[in-house]
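Trainee:
In this note's numbering, the protein residues as written are 122 to 308.
(1) Using the three-state DSSP reduction, which class does residue 305 fall into: helix, strand or coil?
(2) Does DSSP classify residue 251 as helix, strand or coil?
(3) Below 8 Å, can you find three or more Cβ-Cβ pairs linking the stretch 229-237 to the stretch 281-288?
(4) Name, in chain order, the residues that DSSP records as bridge partners for residue 147.
(5) Residue 206: which of 173, 224, 198 and 165 sits nearest, CA to CA?
(6) Just the Cα atoms here: how many angstroms apart are residue 298 and residue 226?
(7) Buried or exposed for residue 224, please, with buried defined as at least 16 other CB atoms from any protein chain shown within 10 angstroms of its CB.
(8) In chain order, what are the residue ranges of uninterrupted beta strand (DSSP E) at least 3 long that sit wholly in the stretch 175-254?
(9) Thinking C-alpha only, which one of 201, 185, 172 and 203 is nearest residue 191?
As structure tokens, this is what we get:
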């Protein structure tokens, strides 16, 4: 009976050692990608290249072998990322927003879109969410939304006081508001 009980205890332990059932997980330390450990966003383009929004280095690009830093123009933290069907990566940062595109040598470079904003009239704060939709790209802060359409269309949409995070549901932009509830952006 004691042998049977010992087998009963050992069998589940041995059964858990099956390596084929374990998911493949690889952890990367900040030392490996040479940046802060705080990453706010992650996206992957159709080629499998990954982009991470980092608090210290802006955007970090990883092709599976090499890590590369792509700073935003004001050297701030990247808070949000989105990628479109053409593999353009859109970036929302602290006081800045724009996109990443390859230069003539094929090296990814950041291009700010804030030149389209009259910053003497409109403050650009944290861009917490970035959405690519069929109607364009939305860079969302809690005070306003910047609606961009290629090549140079930009509309600033002021949000009511008490607004907080936004959400993208099937190309519909929904904004939460403490006083008004849920708001849907039209147009």
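Ideal placement from N, C-alpha and C gives every residue a C-beta, glycine not left out. From a predicted model like this one, the values you see are computed outputs, not experimental measurements.
Mentor: With the given structure in hand:
(1) It is a strand residue.
(2) strand
(3) Output reads no: the stretch 281-288 does not touch the stretch 229-237.
(4) According to DSSP, which records beta bridges pairwise, residue 147 is partnered with nothing at all.
(5) 165
(6) 45 Å
(7) exposed
(8) 179-183, 188-191, 199-204, 210-214, 218-223, 229-233 and 250-254
(9) 172
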